[in-house]
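Every position in the sequence shown, counted from 1, becomes a number in the numbering used here once 47 is added.
For every residue, glycine included, the Cβ atom is placed at its ideal position computed from N, Cα and C.
If you're wondering where the values come from, they're calculated on a predicted model, not measured in any experiment.
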Amino acid sequence: GLACLNGVVVDQEARTSDPSIFAIGDVTHRPVPVHGGAMHRLESVPNALEQAKQAASAIVGRAAPAAEVPWFWSDQYDIKLQIAGLPGEADRQVVRGDVAAGAFAVFHLAGDRIVCVEAVNAPAEFMAGRMMIGKQTPVDAGRLADTSVTMKAVGAAQT
């Protein structure tokens with residue numbers, strides 16, 4: 048049978064332990080490049096779409112597209128929850144925004160790098176955080192928490 052561990056084990060190209068069989072989506076346990084290649088089971092539509100592109104590229108012998116930062120979303124009535132990255136490596140959290148007003152983001156940091164952002168009704172923070180995770184942009188936690196500092200300025204190169 049196929050190798051399984053919390054799902055069907057696949058490589059970055061969605062290839063299983065049988066090189067002629069590919070698997071994608073919620074059923075797979077796969078490496079996540081932006082998190083050091085650590086194996087995860089990612090259950091989301093964006094993950095399934097990314098894996099489908101990687102598998103199709105491998106099947107036709109083309110280079111795979113660049114790996115994306117894992118991301119998820121859910122709309123719950125008037126709440127939009129958006130998550131990018133995985134918090135497992137984090138050593139602290141930084142909150143940006145107004146929790147009481149229901150518009151905020153929690154950034155999970157490992158050292159000076161964002162590894163995950165969980166945004167509630169804060170799409171700009173989500174998008175900027177997702178980009179900074181992918182680029183491994185160093186950030187200053189104080190500036191990240193300060194809403195008077197734009198997310199663009201937070202992501203600017205540290206001096």
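query                                                                                                                     : result
Status (buried if at least 16 other CB within 10 Å, exposed otherwise) for I106                                           : exposed
Nearest candidate by alpha-carbon position, reference V142, set R88, G189 and S67                                         : G189
CB contact flag (A152, A137, <8 Å)                                                                                        : no
Between the CA atoms of S91 and P78 - distance to the nearest angstrom                                                    : 15 Å
Three-state secondary structure (DSSP) of E90                                                                             : coil
Reduced DSSP category for S121 - H, G, I as helix; E, B as strand; rest coil                                              : strand
Chain-order list of residues whose beta-carbon lies under 6 Å from that of A50 (same chain, five-residue window excluded) : V56 and S64
Bridge partners - G144, DSSP secondary structure assignment                                                               : F151
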